[in-house]
Amino acid sequence: MTTIRIPPVLRETVGGSRMLSASGRTVAEVLDDLFASYPALRDRVTEGGELSSFVNVYVNDRDVRYRDGLATPVGEDDTVILLPAMAGGSR
Amino acid sequence: MTTTPTAVRLVSAVDAMKLADAGYRILDVREPVEWNEGHIPGATLLPLADLASRIAEVVPELDTPLLLHCAVGARSARAAAYLASIGYTDLVNLHGSLADWRAAGGAWEAPEQLLTPAQQRRYSRQTLIPEIGQAGQRKLLDSRVLLIGAGGLGSPAALYLAASGVGTIGLVDDDVVDESNLQRQVLHTVDRIGQPKTSSARTTLAALNPETVVVEHRERLSADNVERLIADYDVIVDGTDNFDTRYVLNDAAVRLRKPVVHGSIYRWDGQVTTFVPFEGPCYRCMYPIQPPEELAPSCAVAGVLGVLPGIAGMLQANEVFKLLLGVGETLAGRLLMFDAMSTEFNEVRIWRDPACPSCGEGSPWAAEEARDR
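What follows is the structure, encoded as C-alpha cells:
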C-alpha cells in the first residue's frame, strides 16, 4: 500500500485523517482507490479527469508535473503528497 | 637548585622600537576589542586573562626575547612579572602608553573600522561566528528587509532581525492591533490594542534595538503600490494571508529581482520556502494560476496555534540571514513543511518552470534579466 499525506486544508474531505493508504501502480490508480473511499476528495484534487492546477502532487519529493503526471509510477514504499496552494498567513 | 626570577626591564617607546627592530617578539596583552581598534604590526595578541593558559603554546621557548605592552603599561607589568615567575628570561615592558609609541613614530596598523565599539559589544556573540564576523555584521547593519505583514509571521521575524542588527526593517500593514492577535503576534501588547500594527511594532523593535530603523508602510500591498514598496529593500518576507497579495508580490519581485522568503500557516501546519528570481523557482512555478480566495482561509476563519507562526516566522528570519550574508543553503527550490501536531519536518523539491508566466523563458522579465547578465 502507498501512503498518502493529506494536507490540512483537505482533511475535512477525508474525515480528518492526516495519512491514508491506497493501492495502485500509478498516481491515477492510487488516487482512484482513494476517491472510492472519499468521493469528496475527487473534486478538490482533480478537474475534468486531470489534476487540478491548484493542487500539486508529489511522489516522495518529486512533483509529478515534471514526471509523467497521473501516469507517474508509484511503488509500495512511496509516499504521495497532495499539496494545494496554501496562502494562509496571520493577520 | 633555585633560580632567581629574572628582572623585568622597563624601556621607553623609543628604546622599545629599537628592540622590536632587533627581533624582540611583541606580546600585546590587551583585550581583542582594543586590538581591533589598532595594534603594532607583527605583534601577537594574548590578553592578560588568557596569559597563564596560553603562553606555553604561544611562546614555547623560555629564552625568547619578549617585549610586552598594553595600553599604558600596567597590565603588561603584571604580565611580565608573571612570565618572570614561571621562568621566562628576557622580558621587557614598554613603560608608557601606546600613544607614546605612535608619537615616537612606532609602526601602527589600524584596520578599517567596520563596527563601533558599542556594536562590537552588542553583536559579539554573532561576530564570533566565522561565517559572520565583523564584515558580516556590517552587511546586516547595512541591509534593508521588508516584512509584508506585521502579524503572526512578521512578529518573530522582525524581533530577531532587529535584535541581530538588521539596519532597516520596513513593515507593510494597514491593520490595527486586535485582542485576538495577541495569542501569536508577539510584537504587540495589550496596551496597544487599537493602535496601527506598524506603530506598535515600531515601539517594540525600538526598545529591543534602537539602532534598527523601522519604516512604517501603513498600507495594504496591491498591484498599485507593490513596486514602490519593495524597490528599496534587499529581501522581502512574505507573511500575508491571501493569494492576491502573494501573486502580486511574486510578479513584482521577479520583475525587480528581489528574493522573497515565503511563509504560510494553517492551524497546525506551516510551509516555508525562498524564491530567488531567475536562480530558483518562483511562486508561479509552483502554482501557475491563482487559486480562488476560498482555498486560503485566514487564521481568523481557520484558527491557528500561536507557536506555529512563531516557528514559521523564525524559519523565514533564518532564510533572510543567509540571503543577506550570502552564506549557507537557502530553501530555494525546496518547500519545507512543518507539522506541529506530529512535530515533523518534510520537504519537497520545487522546480523552475520553463513555461512559468512570471519567470519562464517566455517572460519579458526573463529576457530583461538575461540581457543584464
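Chains as they are written, first to last, in the working numbering: chain A, 1 to 91; chain B, 92 to 464.
Quick reminder that beta carbons are idealized off the backbone N, C-alpha and C, glycines included.
Just so it is clear, the structure is predicted and the values come from calculations on it, not from any experiment.
Cβ separation of residue i and residue j, assumed to be a contact under 8 Å, to the nearest whole Å
{"i": "B/Ile260", "j": "B/Val277", "result": "With 8 Å as the limit, B/Ile260 and B/Val277 do not qualify as a contact, their Cβ atoms being about 15 Å apart."}
{"i": "B/Leu250", "j": "B/Gly330", "result": "Not a contact, Cβ separation roughly 13 Å."}
{"i": "A/Arg5", "j": "A/Leu82", "result": "7 Å"}
{"i": "B/Leu252", "j": "B/Ala408", "result": "6 Å"}
{"i": "B/Gly197", "j": "B/Met108", "result": "5 Å"}
Coil, strand or helix - residue i by DSSP
{"i": "B/Val277", "result": "coil"}
{"i": "B/Met92", "result": "Low confidence applies to B/Met92: its pLDDT is 45, below 50, so where it sits in the model is not reliable enough to give any reading."}
{"i": "B/Glu270", "result": "helix"}
{"i": "B/Gly354", "result": "strand"}
{"i": "B/Pro448", "result": "coil"}
{"i": "B/Thr218", "result": "helix"}
{"i": "B/Ile239", "result": "strand"}
{"i": "A/Arg18", "result": "coil"}
{"i": "B/Asp233", "result": "coil"}
{"i": "B/Phe334", "result": "helix"}
{"i": "B/Gly227", "result": "helix"}
{"i": "B/Val487", "result": "Residue 487 of chain B lies beyond the stretch modelled for chain B, which goes from 92 to 464, so this question has no answer here."}
{"i": "B/Arg293", "result": "helix"}
{"i": "B/Gly404", "result": "helix"}
{"i": "B/Asp342", "result": "helix"}
{"i": "B/Glu460", "result": "helix"}
{"i": "B/Pro360", "result": "One detail in the question is off: residue 360 of chain B reads as Asp in this sequence, not Pro. Strand at B/Asp360."}
{"i": "B/Ala107", "result": "helix"}
{"i": "B/Ile146", "result": "helix"}
Status (buried if at least 16 other CB within 10 Å, exposed otherwise) for residue i
{"i": "A/Tyr66", "result": "exposed"}
{"i": "B/Gln381", "result": "buried"}
{"i": "B/Trp192", "result": "buried"}
{"i": "B/Met92", "result": "Reliability fails at B/Met92, whose pLDDT of 45 lies under 50, so the model's placement of it is uncertain and the value that follows must be treated cautiously. By the neighbour-count rule (16 or more Cβ atoms within 10 Å), B/Met92 is not buried but exposed."}
{"i": "B/Phe429", "result": "buried"}
{"i": "B/Gln274", "result": "exposed"}
{"i": "B/Phe412", "result": "buried"}
{"i": "A/Val64", "result": "buried"}
{"i": "B/Gly453", "result": "exposed"}
{"i": "B/Arg346", "result": "buried"}
{"i": "B/Thr207", "result": "exposed"}
{"i": "B/Ser449", "result": "buried"}
{"i": "B/Pro202", "result": "exposed"}
{"i": "B/Val281", "result": "exposed"}
{"i": "B/Arg229", "result": "buried"}
{"i": "B/Ala209", "result": "exposed"}
{"i": "A/Met86", "result": "buried"}
{"i": "A/Ala28", "result": "buried"}
Contact under 8 Å by Cβ, residue i with residue j
{"i": "B/Glu318", "j": "B/Ala292", "result": "no"}
{"i": "A/Asp32", "j": "A/Val59", "result": "no"}
{"i": "B/Val268", "j": "B/Arg283", "result": "yes"}
{"i": "B/Val102", "j": "B/His186", "result": "yes"}
{"i": "B/Ala403", "j": "B/Gly354", "result": "yes"}
{"i": "B/Lys288", "j": "B/Asp266", "result": "yes"}
{"i": "B/Val124", "j": "B/Leu159", "result": "no"}
{"i": "B/Ser167", "j": "B/Val120", "result": "yes"}
{"i": "A/Val55", "j": "A/Arg42", "result": "no"}
{"i": "B/Tyr357", "j": "A/Val9", "result": "yes"}
{"i": "B/Gly258", "j": "B/Glu200", "result": "no"}
{"i": "A/Thr13", "j": "A/Ala40", "result": "yes"}
{"i": "B/Ile441", "j": "B/Arg425", "result": "yes"}
{"i": "B/Thr180", "j": "B/Leu153", "result": "yes"}
{"i": "B/Ala190", "j": "B/Leu139", "result": "no"}
{"i": "A/Met19", "j": "A/Thr3", "result": "yes"}
{"i": "B/Val150", "j": "B/Leu157", "result": "yes"}
{"i": "A/Asp61", "j": "B/Val439", "result": "yes"}
Residue i versus the options, residue with shortest Cα-Cα distance
{"i": "B/Ile223", "options": "B/Ser246, B/Pro208, B/Gly242, B/Gly256", "result": "B/Gly256"}
{"i": "A/Gly75", "options": "A/Ala22, A/Asp43, A/Phe54", "result": "A/Ala22"}
{"i": "B/Asp335", "options": "B/Val363, B/Ile239, B/Pro221", "result": "B/Ile239"}
{"i": "B/Arg309", "options": "B/Pro301, B/Ala168, B/Ala241, B/Thr155", "result": "B/Ala241"}
{"i": "B/Pro350", "options": "B/Phe366, B/Ile356, B/Ala322", "result": "B/Phe366"}
{"i": "B/Leu299", "options": "B/Lys230, B/Glu438, B/Pro247, B/Gly453", "result": "B/Pro247"}
{"i": "B/Leu406", "options": "B/Ala226, B/Ser290, B/Val363", "result": "B/Val363"}
{"i": "B/Thr445", "options": "B/Gly417, B/Met377, B/Leu153", "result": "Reading the sequence as shown, one finds Pro at residue 445 of chain B and not Thr. Checking every option, the nearest Cα to that of B/Pro445 belongs to B/Met377."}
{"i": "B/Gly419", "options": "B/Phe436, B/Ala461, B/Glu410", "result": "B/Glu410"}
{"i": "A/Gly15", "options": "A/Met1, A/Leu34, A/Thr2", "result": "A/Leu34"}
{"i": "B/Pro372", "options": "B/Glu384, B/Tyr324, B/Leu262, B/Thr421", "result": "B/Thr421"}
{"i": "B/Leu414", "options": "B/Val398, B/Trp359, B/Val352", "result": "B/Val352"}
{"i": "B/Asp325", "options": "B/Leu232, B/Asp332, B/His279, B/Ile146", "result": "B/Leu232"}
{"i": "B/Leu205", "options": "B/Ala198, B/Ile220, B/Gln217, B/Gly227", "result": "B/Gly227"}
{"i": "B/Val398", "options": "B/Ala111, B/Leu262, B/Asp360", "result": "B/Asp360"}
{"i": "B/Thr155", "options": "B/Leu427, B/Thr434, B/Trp456, B/Ala111", "result": "B/Ala111"}
{"i": "B/Thr97", "options": "B/Glu384, B/Leu174, B/Pro400, B/Leu320", "result": "B/Leu174"}
{"i": "B/Glu122", "options": "B/Gly133, B/Asp106, B/Ala162", "result": "B/Ala162"}
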